[in-house]
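Each remark here refers to the structure printed beneath this line.
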Amino acid sequence: MGRELDGQRVTVRTPVLGVVRSAPGAAHPRVASVIFKAVGEGRPYPDHGLETTKQWAEVPPRQVRLDELVTTKRTLDLDALLAEDSTFYGDLFAHVVQYKGILYLEDGLHRAVRAALQQRPVLHARVLVIE
1 MGRELDGQRV TVRTPVLGVV RSAPGAAHPR VASVIFKAVG EGRPYPDHGL ETTKQWAEVP
61 PRQVRLDELV TTKRTLDLDA LLAEDSTFYG DLFAHVVQYK GILYLEDGLH RAVRAALQQR
121 PVLHARVLVI E
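Going by the UniProt record's numbering, the first residue of the sequence shown is number 1, and it counts up by one from there.
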């Protein structure tokens with residue numbers, strides 16, 4: 001079901017959020033279009049110390065492609081996804097950490113999925129680079 005990416009087990013997803021499955025031990029089939037680069041679990045990068053919206057506000061936002069992101073959460077709350085005011089509180093931008101050249105979506109999974117459902121391939125995010 002998954003593959004290794006930077007020492008972390010991840011699952012590749014199709015545009016309709018289904019899991020790409022293959023026989024045990026077999027390589028995944030090549031998928032022409034995916035929402036995310038990979039679906040991960042947890043943060044494989046060191047603690048960056050940014051905890052508040054005010055701290056993240058110092059990181060300038062930019063556009064990132066959804067198909068370049070690796071999620072740090074495997075689950076999605078459908079109520080939060082469908083809520084009209086879900087982005088009313090907190091930061092307007094998703095939080096992404098770039099570590100070892102990989103973009104990890106730390107906060108903003110629901111925003112990213114909404115963007116994909118609206119056929120938008122990019123997301124505005126604050127990208128923190130960790131060397």
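Glycine included, each C-beta is placed from N, C-alpha and C at the ideal position.
In this chain, the alpha helix (DSSP H) harbouring V113 covers L109 to L117.
In the structure shown, E68 falls within a helical segment according to DSSP collapsed to helix, strand and coil. Under DSSP, the beta-bridge partners assigned to P61 are R126.
One thing to note: V64 has its Cβ within 8 Å of the Cβ of L123. Annotated three-state conformation of L92 is coil, per DSSP.
DSSP lists Y99 as the bridge partner or partners of I102.
Here the C-alpha atom of P46 lies approximately 17 Å from the C-alpha atom of T52. Spanning the alpha carbons of D67 and K54 requires a straight line of approximately 28 Å.
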